[in-house]
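> First residue of the sequence shown? That's 16 in the working numbering, and the numbers climb one at a time after it.
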Amino acid sequence: KPVTSRPVRRLSVVLVSLPVLVYGLITAQQFFHTATSAVFLSTDDAVGNISYALATEGRYGFLRSPLLAGMARHDGLFSYGPFYFYLGAGLIWLFGYSIVLLRSIHLAVILGIAVAGGVWFRGRAAGSLGALTAVGLLMAFERAQWPMVRPDSLVSLFAVALVICAGLAIRTGHARYWFGAGLAAACGA
Numbered sequence: 016k017p018v019t020s021r022p023v024r025r026l027s028v029v030l031v032s033l034p035v036l037v038y039g040l041i042t043a044q045q046f047f048h049t050a051t052s053a054v055f056l057s058t059d060d061a062v063g064n065i066s067y068a069l070a071t072e073g074r075y076g077f078l079r080s081p082l083l084a085g086m087a088r089h090d091g092l093f094s095y096g097p098f099y100f101y102l103g104a105g106l107i108w109l110f111g112y113s114i115v116l117l118r119s120i121h122l123a124v125i126l127g128i129a130v131a132g133g134v135w136f137r138g139r140a141a142g143s144l145g146a147l148t149a150v151g152l153l154m155a156f157e158r159a160q161w162p163m164v165r166p167d168s169l170v171s172l173f174a175v176a177l178v179i180c181a182g183l184a185i186r187t188g189h190a191r192y193w194f195g196a197g198l199a200a201a202c203g204a
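The following block contains the structure:
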C-alpha cells in the first residue's frame with residue numbers, strides 16, 4: 016500500500032480539480048452565449064408560463080394551454096412535478112421574468128450534480144473519480160442539451176440526492192438519511 020504525503024495528495028487533488036473547474040466555467044459561458052440567442056418559444060419554453068403565473072398570480076397552472084388530451088391544465092400540471100415551477104417562480108419574483116433565467120436552472124442543476132459527484136468521490140484516487148464524473152456530465156450537457164426550460168432537470172437532481180442519501184444511510188445507519196432518500200425518491204417521481 017503506497018504512502019503518499021499530505022502535501023502531494025493535496026497538490027494532486029488541485030491538479031485534477033482545476034481543469035474540471037475551467038471546463039465548468041467554459042460550459043457555463045457557452046450556455047449563456049447560446050441561451051440568449053437560441054430560438055425562443057420552443058415547446059418546453061412555453062411551460063415557463065407556469066412559473067410566471069405562480070410568481071404574478073399565485074396560481075399553479077398552464078394558463079396558455081388549459082387542455083391537453085382532455086386533461087385540464089389550468090388547475091395544475093401533472094406531467095411534471097411542481098418543484099421546478101416553484102423554484103422558477105421564486106427566481107421570477109426575485110429578479111423579474113427572464114427566459115434565460117428559467118433556462119439556466121438546468122445549468123445550475125448540472126453544475127450542482129457535478130460538484131456533488133466531486134464531493135462524494137473526493138477521497139478516492141485523489142479526486143479523479145469525481146473529476147471523471149463531472150467531466151462526463153459537463154460534456155453530455157455541453158454537446159447534447161439545447162438551452163430551454165427543462166422542468167425534468169430537477170428529477171435528475173432528486174435522483175442524485177436519492178443515491179447520496181441512501182449511500183449515507185448505508186454508511187452511517189442514521190434514519191434521517193433514509194428519510195432523505197425516500198423524500199428525494201418521492202419528489203423525483
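Backbone N, C-alpha and C define an ideal beta-carbon position, used for all residues, glycine too.
In the DSSP assignment, find the unbroken alpha helix (DSSP H) run with Tyr192 in it and report its ends.
190-203
> Compare the Cα-Cα distances from Gly105 to each of Asp167, Ala129, Ile65, Trp135 and report the closest residue.
Ile65
> How many Å lie between Tyr67 and Tyr101 at the Cα?
10 Å
> Kindly list the residues whose CB is nearer than 7 Å to the CB of Val164, restricted to its own chain and excluding five residues on each side of it in sequence; keep chain order.
Asp59, Asp60, Val62, Gly63, Leu117, Arg118, listed in sequence order.
> Exposed or buried, what is Leu6 when buried is set at 16 or more other beta-carbons lying within 10 Å of its beta-carbon?
In this structure the chain extends from 16 to 204, so residue 6 is not present and cannot be described.
> From Ala50, His189, Leu109, Val170, pick the residue whose C-alpha is nearest to that of Tyr95; which is it?
The shortest Cα separation from Tyr95 among Ala50, His189, Leu109, Val170 belongs to Val170.
> Assign Trp161 to one of three DSSP states: helix, strand, or coil.
Three-state result, Trp161: coil.
> With distances taken Cα to Cα, identify the nearest neighbour of Ala174 among Gly197, Ile185, Glu157.
Gly197
> How would you label Phe110, buried or exposed, when you count the other beta carbons within 10 angstroms and need 16 or more for buried?
By the neighbour-count rule (16 or more Cβ atoms within 10 Å), Phe110 is not buried but exposed.
> Any idea what DSSP makes of Thr42, helix, strand or coil?
helix
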